[in-house]
Amino acid sequence: MEYNFRETEQKWQRYWAKNNIFRAENNSKKPKYYVLDMFPYPSGAGLHVGHPLGYIASDIFSRYKRLQGFNVLHPMGFDSFGLPAEQYAIQTGQHPEITTRSNISRYKEQLDKIGLSFDWGREIRTSSPEYYKWTQWIFIQLFNSWYNPETQKAEPISTLIPKLDNFNSLNEKEQSDILLQYRLAYLSDTMVNWCPQLGTVLANEEVKDGVSERGGYPVERKLMKQWSLRITAYAERLLNDLDKIDWSESIKEAQRNWIGKSEGTSLFFSIENFDNKIEVFTTRPDTIFGVSYLTLAPEHELVEKLTSEEQYKSVNEYVTWAKNRSERERMAEVKKVTGVFTGSYAIHPFTGKQIPIWVGDYVLAGYGTGAVMAVPAHDSRDYAFAKHFHLPVIEVVKGGNISKESYDAKEGEIINSDFLNGLDVKDAIKKAIAVIEEKNFGKGKINYRMRDAIFGRQRYWGEPIPVYYKNGVPYVLNENELPLILPEVDKYLPTENGDPPLGRATGWCYSDNDQNKYEYELSTMPGWAGSSWYYLRYMDANNTNNFVGKDAVNYWNNVDLYIGGAEHATGHLLYVRFWTKFLFDLGLIPQVEPAKKLINQGMIQGVSSFVYRSGKSNTFISYNLIKDQFNKLTIEELEREAQKPQAKPEIVEAWKNSSFHTYGKVTALHVDINFVNNNVLNIEAFKKWREEFNNAEFVLENGKYICGSEVEKMSKSKWNVVSPDDIIAQYGADCLRLYEMFLGPLELSKPWNTNGITGVSNFMRKLWRLYHHDNCFTISDEKASRNELKVLHRTIKKISYDIEHFSFNTSVSNFMICVNELSDLKCNKREILEPLIIIISPYAPHIAEELWNKLGHPESITFAQFPEYNEEYLTETSFSYPISLNGKTKYNYEFELSLSKDEIEKQVMQLEQTIKLLDGKQPKKIIVVPNKIINIVI
RNA sequence: GCCGUUGUAGCUCAGUGGCAGAGCACUUCCUUGGUAAGGACGAGGUCGAGGGUUCAAUUCCCUCCAACGGCUCCA
């Protein structure tokens with residue numbers, strides 16, 4: 018009987034679900050192991066073959082750990098608040114909850130078809146009130162806490178009050194304002210990334226290249242009253258604890274960069290004719306004598322005050338221009354030097370000399386103090402600025418050529434610097450700080466690049482922030498008033514006067530015991546709120562009294578293995594660490610880190626297909642006829658080159674012969690990959706695709722229309738999505754699982770191509786045949802041969818190593834080798850095939866269950882035991898040595914491994930081949946490496 | 001510009017201070033009662049380039065090149 022994957026896979030999936038095979042127990046004598054996937058946002062497009070890559074890997078690991086006798090927690094849920102559902106709601110009027118729910122059920126169906134061993138009894142959805150009740154609850158804890166720098170941990174706000182002067186004499190509003198400066202969740206006027214098209218603010222990591230990550234809309238800077246979380250309080254711990262966790266170096270490095278710790282000095286410059294001082298932050302106090310001007314950010318609070326009358330107009334113009342520039346423009350024009358003189362002068366603290374004060378937008382308002390002491394000789398940005406505006410360049414560190422470029426390196430001898438002369442940079446920094454502190458000009462300071470996380474979103478589909486306002490003072494709800502349920506609204510758009518959508522909810526306000534009504538906060542939490550603690554909820558998903566039970570969290574502790582995409586490096590993965598540390602500080606959980614080990618799976622990219630339309634016509638030209646238009650030199654560049662007076666003849670020739678002259682310039686259009694097979698377009702299907710193509714004409718090559726192709730992100734808009742459902746329908750879930758792993762190392766990105774999938778499919782057939790003879794299940798109880806045992810145990814050893822090292826692609830290849838060899842040996846012995854199917858079962862669980870069952874086991878293979886390899890079967894008694902002359906292999910000869918080096922050397926020299934090889938010459942040296950090689954040097 | 005990752009067979013990837021490998025794809029042949037196949041045989045390589053260390057380098061060290069990803073006026 019041939020293996021029927023359709024029937025078999027369904028049968029076992031039903032069996033697993035019905036018998037709760039993958040349920041994790043909170044009370045167990047077994048050791049625990051927690052394997053977590055980054056939960057998906059359930060989009061309307063469903064899963065594509067890229068999504069399951071990590072899920073399959075984590076599933077293999079979970080199943081492996083179960084076979085090793087662990088109590089495995091392997092849950093799944095949905096990150097179900099977020100922008101796409103809301104955008105869809107705006108377009109269609111459909112409540113996001115409805116679309117979200119149907120998307121989730123589709124996702125679950127797709128996940129189950131892959132045979133993933135989730136404990137669905139612990140499923141969570143961040144948008145369900147049972148879940149977000151606790152997200153709101155944690156927000157309240159953040160609001161009620163401050164970070165005590167002395168104890169270096171979060172504490173209840175009540176421990177702060179005694180430390181504040183005159184606190185009790187202040188009125189309610191004043192008290193609130195003061196406390197907001199300490200609370201870990203706080204309200205303040207902040208510069209935010211405002212995205213007009215999305216109608217909301219965005220966090221720094223949600224902005225890429227000056228546009229929103231979702232949708233790609235322009236983002237501008239704006240001052241707004243906003244809720245933020247004081248993640249900066251944890252900067253040092255977030256940085257230090259990276260050393261405690263086994264995460265990829267690239268993620269750790271990204272987080273280190275994001276936190277951006279730099280040690281330096283804060284330094285005050287007094288200003289001529291003003292009482293104010295300008296505080297600058299510098300990491301190079303050793304270059305203090307090289308300061309030739311100061312630069313303030315356009316947003317700096319002193320700019321207006323310091324501007325002299327004659328400079329007023331130009332400064333005002335400049336500042337207005339700089340402030341209104343979008344982030345995108347600013348980033349695009351980094352190389353362009355702009356700035357203006359304020360007309361005022363600062364006083365150099367050591368020399369007493371006048372130093373002009375400039376405004377320049379290369380100084381960022383948000384970093385340090387928003388002001389820098391410019392040392393053009395030793396900072397390339399200051400250098401560019403100084404050269405542009407003809408400001409003096411004073412060399413104070415030897416080693417560079419100041420007339421050409423700045424010398425930024427932190428090494429060399431200090432010159433022109435009074436008491437620092439002769440020191441090297443490192444010592445000069447120390448000495449400079451000491452003197453600056455001694456003279457009270459400033460002090461040593463640590464600065465972090467990371468900003469506090471803006472926590473409010475002016476959107477509908479998110480957790481309501483559990484806050485109401487009384488006389489302009491924010492109050493949080495009581496615990497027993499949670500959850501604060503997201504209200505219904507008539508439209509998912511801002512109100513007429515610009516309030517967030519929650520402003521549309523009727524009767525949505527807080528009533529106190531005296532029936533007084535107060536307005537609720539109208540913004541909601543950002544997408545990352547729910548995901549910042551979800552790993553804890555899985556431990557005790559149905560607890561109604563607590564966000565997680567004490568016993569549960571003490572048993573499961575934290576995640577042992579976390580698998581997910583690297584794109585969350587500075588977003589989710591930083592926030593979840595922050596919340597974990599916070600909850601730890603309050604004594605609510607026992608660990609300071611959410612996940613011991615993190616693996617980033619690579620992306621599976623799509624292979625897009627293109628057709629090429631000639632000019633504005635409806636004629637499509639086959640790829641090879643026009644592919645010259647996509648060479649490194651574009652057709653425009655070629656034209657330009659060809660028309661230059663002294664153009665090279667070959668360029669002119671290329672231009673004359675280019676397809677441009679025959680077909681004009683072509684436009685590439687994505688075409689649905691379902692119409693394309695081996696780059697050949699199915700013309701009929703293409704014509705029917707869209708009305709505009711009905712009458713399309715085609716210029717063919719060899720009677721075919723050949724499409725171009727390119728590797729891109731898999732996405733609906735690029736028409737290159739491959740659904741796992743299709744693969745499963747054609748080859749089965751086991752084959753999909755094996756193939757996804759076989760594609761390459763888990764952590765690498767790779768394009769999806771199905772070239773090798775038939776190989777994997779053949780492998781499965783071959784595996785099945787090992788257990789069958791003449792279509793009948795046939796297994797022998799005969800003793801296995803030494804050779805068979807060697808094959809098995811070598812495979813067990815290799816597979817164990819591979820799984821432990823997350824090298825799933827090599828396992829698949831090793832299964833193939835093993836099955837090939839056992840086929841060659843015509844092995845059908847239980848002693849071999851029973852352990853074999855156990856080690857394959859994490860990868861291909863359905864076929865494994867079926868064969869396991871046929872082998873006579875009534876229980877699921879999940880409860881089997883992973884076999885241990887026996888080194889004894891792998892050892893050899895002799896070795897065929899390659900014998901080489903001066904490192905070049907000449908011939909082979911077999912020696913017993915028990916022979917000593919001397920013995921081998923003696924025997925080698927007596928061999929006929931050796932004598933012939935040496936041709937009478939005396940060897941200088943003979944190198945014998947046991948079990949490796951023999952090298953004769955002459 | 002900085003950081004990270006990767007360069008090995010046509011493709012996807014293992015591996016190693018000591019004979020350069022696997023799977024897929026490919027050639028040829030065999031089997032047509034395992035047939036949307038099965039079996040046998042085979043071809044394929046400057047281990048990204050150059051230098052150094054070594055008896056021996058694809059492997060270790062240095063320099064460079066290329067591809068991919070991330071960060072980026074961060075003082």
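Going by my numbering, the first sequence opens with residue 18, and the numbers climb by one from there.
In this text, a Cβ means the ideal position worked out from N, Cα and C, and glycines have one as well.
Contact under 8 angstroms by Cβ, residue i with residue j
i	j	result
proline 302	threonine 324	no
glutamine 272	leucine 591	yes
aspartate 602	lysine 261	no
phenylalanine 22	aspartate 751	yes
glycine 63	glutamine 127	yes
serine 75	leucine 578	yes
isoleucine 849	alanine 881	no
asparagine 617	serine 175	no
alanine 388	glutamate 316	no
tyrosine 582	methionine 55	The identity of residue 582 in the sequence shown is glycine, whereas the question assumes tyrosine. The answer is yes: Cβ separation under 8 angstroms.
valine 716	threonine 636	yes
phenylalanine 306	asparagine 433	yes
proline 899	asparagine 909	yes
tryptophan 211	lysine 180	no
valine 209	isoleucine 471	yes
isoleucine 419	alanine 363	no
phenylalanine 896	asparagine 948	yes
threonine 541	proline 491	no
isoleucine 943	leucine 902	no
histidine 698	valine 628	According to the sequence provided, residue 698 is leucine. The question's histidine does not apply to it. Yes; because the gap between Cβ atoms is below 8 angstroms, this pair is in contact.
Three-state secondary structure (DSSP) of residue i
i	result
asparagine 793	Reading the sequence as shown, one finds cysteine at residue 793 and not asparagine. Here cysteine 793 sits in strand by DSSP.
histidine 687	strand
tryptophan 211	strand
proline 113	helix
glycine 461	strand
glutamate 729	strand
proline 491	strand
tryptophan 706	helix
alanine 586	coil
glycine 581	strand
proline 481	strand
tryptophan 736	coil
proline 899	strand
phenylalanine 692	helix
tryptophan 956	Missing from the structure shown is residue 956; the chain here goes from 18 to 955 and no further.
arginine 347	helix
lysine 125	helix
Integer Cβ distance of residue i from residue j, believed to fall under 8 angstroms
i	j	result
tyrosine 860	arginine 754	6 angstroms
glycine 588	phenylalanine 98	The Cβ separation is near 15 angstroms, so there is no contact.
glutamine 475	glycine 232	Their Cβ separation, rounded to whole angstroms, is 15 angstroms, which puts glutamine 475 and glycine 232 out of contact at 8 angstroms.
alanine 546	aspartate 557	In fact, because the Cβ distance is near 19 angstroms, the residues do not count as touching under 8 angstroms.
isoleucine 745	lysine 130	5 angstroms
query: Can we say the segment 77-88 touches the segment 456-466, given the rule of at least three CB pairs closer than 8 angstroms?
result: no
field: Stretch pair the segment 191-210 + the segment 619-630: three plus CB contacts closer than 8 angstroms
entry: no
message: Extract the residue ranges of the beta strand (DSSP E) inside the segment 607-633, only unbroken runs of 3 or more that lie entirely within it.
response: 612-618, 621-631
- prompt: If we count Cβ pairs, one from each stretch, closer than 8 angstroms, do we get three or more for the segment 284-302 versus the segment 356-373?
  reply: yes
- prompt: If we count Cβ pairs, one from each stretch, closer than 8 angstroms, do we get three or more for the segment 116-125 versus the segment 529-538?
  reply: no
task: Kindly provide the ranges of any beta strand (DSSP E) runs that are 3 or more residues long and lie completely inside the segment 259-322, ordered along the chain.
output: 278-288, 294-299, 310-313
- request: Just list the alpha helix (DSSP H) runs in the segment 514-578, keeping only unbroken ones of 4 residues or longer that don't cross its boundaries, in chain order.
  value: 545-548, 551-554, 567-573
- request: Would you be able to state if there are at least three C-beta pairs under 8 angstroms between the segment 500-507 and the segment 140-152?
  value: yes
query: In chain order, which alpha helix (DSSP H) runs of at least 4 residues are fully inside the segment 152-218?
result: 189-197
message: Please give me, in chain order, every unbroken run of the alpha helix (DSSP H) with length at least 4 that falls completely inside the segment 388-472.
response: 397-406, 442-455
- request: Tell me the start and end of each unbroken beta strand (DSSP E) in the segment 31-92 that is at least 3 residues and wholly inside, in chain order.
  value: 49-54, 88-90
- prompt: Where in the segment 356-384 do unbroken runs of the beta strand (DSSP E), each at least 3 residues long, occur, reported from the N-terminal end onward?
  reply: 357-364, 371-376
message: Using a Cβ distance threshold of 8 angstroms, determine whether the segment 758-774 contacts the segment 827-845, with at least three qualifying pairs required.
response: yes
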